[in-house]
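Asks: One structure follows; several queries about it will come next.
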Amino acid sequence: MLHEFSYVSPSSMDELLTFLEESGERSTVFSGGTDLFVTIRSGLSRPDFVVDLKGVKELGLLTFDPAEGLSIGACVTVNQLIEDTDVLRHYSVLRDAGSELATFQLRNRATVVGNVVTASPCGDMSSPLLCLGARVKLASAGGEREMPLGEFITGVKRTQIAPNEIVRAITVPIDHLDAVGGYKKLKRIKGHDLGVVAVAMITANDVSRFAISSAAPTPVLLPDFPANVEVAEVQKAAQEAISPISDVRCTKEYRSFMVDVFIRRLMEAA
Amino acid sequence: MREITLTINGESYTREVHEHRTLLHFLRDDLGLTGTKEGCGAGECGACTIIMNGAAVNSCLVLAAEANGSVLETIEGAAKDGTLSALQSAFHEHHAVQCGFCTPGMVMSATDLLRRNPNPSRDEIIDGIEGNFCRCTGYEQIIEAILAASKEGKSHA
């Protein structure tokens, strides 16, 4: 059972942003609800107003332009992303990571933007998006602002978003178009599971980039490397950048160990 | 409260619902469609899987209010005039049901899978039902049933 709240479904951006301006912290926005309704059910979240973004049509857009790159609207589901032919062709690491996220049913509802805004250290979408240089577009009644994804996520389940703001879209530039690479995720079982630790890698234009999930309070993007970098050099930089903990799913030693294994496997496969 | 109208298994329903009511509880408690089960209530186990506007979803994580105007398919619509669907018959013949709690969600996931991929490989079936837990069968009989139903080519009618 969920606690009593009001369901609000604005049909335009103006209506949405005005409502958030007036209701402030009493509101929580959602699209797929795959995270929100779990936290409400467990009592971790008690909003008075649950605001559905899906009525605002522009938030459902997934677009690709060869000059501008990819724009992922707030309501674009993970399955929409990973089935998109432009994503497959130009940003295959997003497909690799997205298809590791939860289950088919969940991916029909869970959104890419929601996965990022939740800012769980083990989220699957932030690492590949960090590698690709993604930017976050925020909107409120007061106007719009934009920032790199790396600055947006500030801690465990913490971001720069204000109570009156939404993430309108996440954009991915063309800087790393058609990059090769992949996403390796350690799970406790072969089926769906939260990531125990994961590494995303891309290589394009003689530059290799790596980002690591579940090994620090936020996803960690390593500095750029030349594409011919040695495996040991990347592993050394990764170990210096991460700060894994031991928890119910894994020890910190095993997390560190698997980061090195995944870096090696990704580089060998590239 | 708000009024919603939706189509379930071809029949139209209009009801007043609490705005915090999940679609799962609406189906079970308000409409008495108790075929759809509540397992974890958190999107992990798939017991509550239904097909909403052509897509398999966990109904425990959908609000009834959101489903206004939707077209839903639940396990109650699988058999027609007392005759099991090909997929249900295959579950029967291959002993894919033990306690039966996961079966409605499993059948709805498999129905959706076979619509998207009428002739799935064994591995594609395993991937296709990864969102549905079964704690009895060990999955083997379920996989065999879906394979058999797909070969008959009429399971997704």
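Respectively, the protein sequence lines represent chains A and B.
Add 35 to a position in the first sequence, counting from 1, and you land on the number used in the working numbering.
Add 617 to a position in the second sequence, counting from 1, and you land on the number used in the working numbering.
Heads up, the beta-carbon is just placed ideally off N, CA and C, and yes, glycines get one too.
1) Is there a C-beta anywhere in chain B that falls below 8 Å from the one on A:Tyr42?
2) Cutting at 8 Å between CB atoms, please list the residues of its own chain near A:Ser307, excluding the five before and the five after it.
3) Got a sec, what are the start and stop residues for the beta strand (DSSP E) B:Tyr630 sits in?
4) I need the DSSP call for A:Asn263, collapsed to helix, strand or coil.
5) Are the segment 230-245 of chain A and the segment 199-208 of chain A touching by the rule of at least three beta carbon pairs closer than 8 Å?
6) Give the straight-line distance between the Cα atoms of B:Lys697 and B:Pro721, rounded to the nearest whole angstrom.
7) Just verifying my parser: in three-state terms, what is the DSSP assignment at A:Asp100?
8) Considering only C-alpha positions, which residue in the set A:Gly108, A:Cys285, A:Asn114, A:Arg144 is nearest to A:Ala132?
9) Name, please, each residue of chain B whose Cβ falls closer than 7 Å to the Cβ of A:Leu229.
10) Taking B:His637 as the reference, give the member of B:Cys677, B:Asp744, B:Leu704, B:Arg739 with the closest Cα.
11) What residue from A:Glu268, A:Ser281, A:Ile224 has the CA that sits closest to B:Phe750's CA?
12) What residue from B:Phe718, B:Thr754, B:Leu704 has the CA that sits closest to B:Leu731's CA?
13) When you compare only the Cα positions, how much space is there between A:Val242 and A:Tyr126?
14) Under a three-way DSSP split, which group does B:Thr651 fall into?
15) Helix, strand or coil, according to DSSP, for A:Ser47 in the structure here?
16) My understanding is that A:Arg253 touches A:Ile196, with C-beta atoms under 8 Å, so please give their C-beta distance in whole angstroms.
17) Report yes or no: is there a C-beta of chain A within less than 8 Å of the C-beta of B:Glu747?
18) Roughly how far, in whole angstroms, is the beta-carbon of A:Val151 from the beta-carbon of A:Leu164, given that I think they are within contact range, below 8 Å?
19) Just list the beta strand (DSSP E) runs in the segment 112-189 of chain A, keeping only unbroken ones of 3 residues or longer that don't cross its boundaries, in chain order.
20) For B:Phe718, which of helix, strand or coil comes out of DSSP?
21) Less than 7 Å separating the Cβ of B:Leu641 from some heavy atom of the ligand ZN?
22) Within its chain, find whatever has a CB closer than 7 Å to the CB of A:Gly67; leave out the 5 residues flanking it on each side and keep chain order.
23) Let's test the definition: count the other Cβ atoms within 10 Å of the Cβ of A:Leu79 and tell me whether it reaches 16, buried, or not, exposed.
24) Could you tell me whether the Cβ of B:Gly663 comes closer than 8 Å to any Cβ of chain A?
25) Following the continuous beta strand (DSSP E) through A:Ser62, name the residue where it begins and the one where it ends.
26) Quick one: does A:Glu39 have its CB under 8 Å from some CB of chain B?
27) For the candidate residues A:Leu129, A:Val64, A:Asp70, whose alpha-carbon lies nearest to that of A:Ile237?
28) State yes or no: is the beta carbon of B:Gly675 nearer than 8 Å to at least one beta carbon in chain A?
29) Report all residues from its chain with a CB closer than 7 Å to the CB of A:Ala109; omit the five preceding and five following residues, and keep chain order.
30) Short check: CB of A:Pro45 to CB of A:Gly90, under 8 Å?
31) Only counting the same chain, and skipping five residues up and downstream in sequence, which positions put a Cβ closer than 6 Å to that of B:Ala766?
Replies: Answer, in terms of the structure:
1) yes
2) Since the first residue of chain A shown is 36 and the last is 305, residue 307 of chain A is not available in this structure.
3) 628-634
4) coil
5) With contact defined as three or more Cβ pairs closer than 8 Å, the segment 230-245 of chain A and the segment 199-208 of chain A are not in contact.
6) 15 Å
7) strand
8) A:Asn114
9) Those within 7 Å of A:Leu229 in chain B number zero; the least Cβ separation is about 10 Å.
10) B:Cys677
11) Comparing Cα positions, the closest option is A:Ile224.
12) Of the candidates B:Phe718, B:Thr754, B:Leu704, the one whose C-alpha sits nearest the C-alpha of B:Leu731 is B:Leu704.
13) 15 Å
14) B:Thr651 falls in the coil class under three-state DSSP.
15) coil
16) Here residue 253 of chain A is Thr; the residue named in the question, Arg, does not match the sequence. Contact doesn't hold; Cβ gap of about 14 Å is too wide.
17) yes
18) 7 Å
19) 170-175, 178-183
20) DSSP places B:Phe718 in the coil class of the three-state scheme, outside both helix and strand.
21) The ligand ZN is absent from the structure shown, which contains no ligand whatsoever.
22) Thr112, Arg144, Ala145, Thr146, Gly149
23) Label assigned to A:Leu79: exposed.
24) yes
25) In the DSSP assignment, A:Ser62 falls within the unbroken beta strand (DSSP E) covering 62-65.
26) yes
27) A:Leu129
28) It should be pointed out that residue 675 of chain B corresponds to Asn in this sequence rather than to Gly. Chain A, which has a Cβ nearer than 8 Å to the Cβ of B:Asn675, makes this yes.
29) Answer for A:Ala109: Ser66, Leu88, Leu94, Thr146, Val148, Ile201, Val202, Arg203, Ala204, listed in chain order.
30) yes
31) Ala703, Leu704, Ala707, Ser772
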